[in-house]
Amino acid sequence: MFLYTIRTNYLAVFMSSKYKRCSKALRQKRGTLGAVCTMFLALTAVSESAMAATFKYADHDPLGGMRPQFVKDVWLNEIEKQTDGKLKVQDFFGGTLFSSKESLKGLGDGIAEMGFVYPGHYPKRLIAHSVFSLFPRGPETFEKQVWLYRKAYEEVPELKAELKKAGVMPLMITAGLPGAFAGVNQLDSIDDIKSDKWRAGGKWLLRYLDNAGATPVAVPWGDVYVALQTGTIDGVYTNYDGLHATKLDEVAPNLLISKELWFSTPFLHLANIRYFNRLPKDIQEGILKASLIAEQQFATTWTAEFDKVKSEQMASGYKLVELSQTDLAKWENKTKLSELQNQWVEEAKAAGLLNAAEVMAKVRKIHSEAMN
102 MFLYTIRTNY LAVFMSSKYK RCSKALRQKR GTLGAVCTMF LALTAVSESA MAATFKYADH
162 DPLGGMRPQF VKDVWLNEIE KQTDGKLKVQ DFFGGTLFSS KESLKGLGDG IAEMGFVYPG
222 HYPKRLIAHS VFSLFPRGPE TFEKQVWLYR KAYEEVPELK AELKKAGVMP LMITAGLPGA
282 FAGVNQLDSI DDIKSDKWRA GGKWLLRYLD NAGATPVAVP WGDVYVALQT GTIDGVYTNY
342 DGLHATKLDE VAPNLLISKE LWFSTPFLHL ANIRYFNRLP KDIQEGILKA SLIAEQQFAT
402 TWTAEFDKVK SEQMASGYKL VELSQTDLAK WENKTKLSEL QNQWVEEAKA AGLLNAAEVM
462 AKVRKIHSEA MN
């Protein structure tokens, strides 16, 4: 029987003189005391086995989307497989345990043993992770993206240090699809967003829109569809799968797309550190192996989802334009980007990341390698 347990009062009972008397009663089968002890020990074994065999996984996104469905169908199943069925999952999707802005604390507190965290929702706690947002262009395959993230975790210790401080550790990294422009008006190039009102999520994306000549507008995510429909905004820049899943392309059917429009924040699938460290070595290795296998398989899912969204949009008669290298260079806007990266360094230092300049330099180098 596989047992890895958090030490409980049961163990204290086992080591007590009462347990010795209970064991003696069992050996001698002494009436009522023996029967009670038999039941007690049986229930204890069942309870500890249940605790040992089941872990909770929490995710604020509902099933059906590319990433959460992959997590359930592939990663969580692979964990059970690689631990030889000794570890079972109880999953909670759709924010049933905690919301996206509660997930880091929820995992750190052990409310769930594993779960999903979007670093973009923690600008004050995951300062170093926000460095990725300062790169509007990125690798066009998931394989290169995850190489970049893994390399950064190896060479930028501040990333793992932030997670460790929160009581969690990374197991698997996934990603959303690239960003995409969805507009009400005709779009033939990046120049066509100029002077129009465009929405994006997050401070730095709004700055990129401004750099490209658009008028950046902050609109809550849940209001974007109506804002497009009523003319409050002329377009939205967001991840390709997200805009399609929420049917924003119905009211903004003119699209500019490119796999280099890197939606740069890593999607982190984490474990509570205390929980992970209590596990036997073979179970730890099984989880890590399952995470690596699933992470590699996600590349196929990522590409297939991009192609699926694109084909469905074309079938619906939407107008899709692939951004040229000239357009991508305009979006990146290296001159103004350098100014924004320097601004990030100063703001990150003020927020407590004293070596922010070193973090930026390291990630800039890694990003350059991934783009070649």
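Taking the numbering used here, I'd label the letters of the sequence shown as residues 102 to 473. We treat Cβ as the ideally placed atom computed from N, Cα and C, and that holds for glycine. From a predicted model like this one, the values you see are computed outputs, not experimental measurements.
>> Between Leu-208 and Leu-371, how many whole angstroms is the CB-CB distance? I'm expecting something under 8 Å.
In response: The count along the sequence shown starts at 1 and reaches residue 208 at position 107. The count along the sequence shown starts at 1 and reaches residue 371 at position 270. Sure, about 6 Å apart at Cβ, within 8 Å.
> Would you report the Cα separation of Pro-317 and Asn-286, rounded to the nearest angstrom?
Replying inline: Working through the sequence shown from its first residue, we reach residue 317 at position 216. Working through the sequence shown from its first residue, we reach residue 286 at position 185. Whole-angstrom Cα-Cα distance: 16 Å.
>> Helix, strand or coil for Gly-239? Go by DSSP, reduced to three states.
In response: Indexing the sequence shown from 1 puts residue 239 at position 138. In this structure, Gly-239 counts as coil in the three-state DSSP scheme.
> Measuring CA to CA, which of Ala-346, Pro-271, Glu-259 and Arg-238 is closest to Ala-283?
Replying inline: Position 182 of the sequence shown, counted from the first residue, corresponds to residue 283. Residue Ala-346 is the option with its Cα nearest to Ala-283.
> Candidates Thr-155, Leu-369, Ser-439 and Thr-404: which alpha carbon is nearest Leu-474's?
Replying inline: Because the chain in this structure spans residues 102 to 473, residue 474 falls outside the shown range and cannot be described.
> Any chance the region 204-221 sits against the region 411-430, with 3 or more Cβ pairs inside 8 Å?
Replying inline: no
> To which residues of the same chain is Lys-437 closer than 6 Å at the C-beta, ignoring the five residues directly before and after it?
Replying inline: For this step, residue 437 is matched to residue 336 along the sequence shown. Cβ within range, chain order: Asn-312.
> Below 8 Å between beta carbons: does that hold for Asp-174 and Phe-217?
Replying inline: Looking up residue 174 in the sequence shown gives position 73. Looking up residue 217 in the sequence shown gives position 116. In this structure, Phe-217 does not lie closer than 8 Å to Asp-174 by Cβ.
> Using CA coordinates, which residue listed in Met-461, Leu-380, Lys-348 and Glu-459 is at the minimum distance from Gln-330?
Replying inline: Mapped onto the sequence shown, residue 330 falls at position 229. With distances taken between Cα atoms, Gln-330 lies closest to Lys-348.
> Under three-state DSSP, which class holds Glu-433?
Replying inline: The residue given as residue 433 occupies position 332 in the sequence shown. Residue state, collapsed to three classes: helix.
> In whole angstroms, what separates the C-alpha of Glu-256 from that of Lys-182?
Replying inline: Counting from one through the sequence shown, the residue named residue 256 turns up at place 155. Counting from one through the sequence shown, the residue named residue 182 turns up at place 81. Their Cα atoms are separated by approximately 31 Å.
>> Among the candidates Asp-342, Trp-299, Met-461 and Lys-304, whose CA atom is the shortest distance from the CA of Lys-333?
In response: As a working mapping, residue 333 is identified with position 232 in the sequence shown. Note that residue 333 is Thr in the sequence shown, not Lys. Selected option, being the one with the closest Cα: Trp-299.
> According to the Cβ coordinates, are Lys-360 and Pro-271 closer than 8 Å?
Replying inline: Numbered from its first residue, the sequence shown carries residue 360 at position 259. Numbered from its first residue, the sequence shown carries residue 271 at position 170. Not in contact: Lys-360 and Pro-271 (Cβ atoms no closer than 8 Å).
> Taking Cβ positions, are Asn-340 and Gly-268 nearer each other than 8 Å?
Replying inline: The residue you call residue 340 lines up with position 239 of the sequence shown. The residue you call residue 268 lines up with position 167 of the sequence shown. For Asn-340 and Gly-268, no; Cβs fall outside 8 Å.
>> Please give me, in chain order, every unbroken run of the alpha helix (DSSP H) with length at least 4 that falls completely inside the region 186-214.
In response: 204-209
> Residues in its own chain within less than 6 Å of Gly-221 by CB, not counting five upstream and five downstream?
Replying inline: Here residue 221 is taken as the residue at index 120 of the sequence shown, counted from 1. These residues qualify, in order along the chain: Thr-366.
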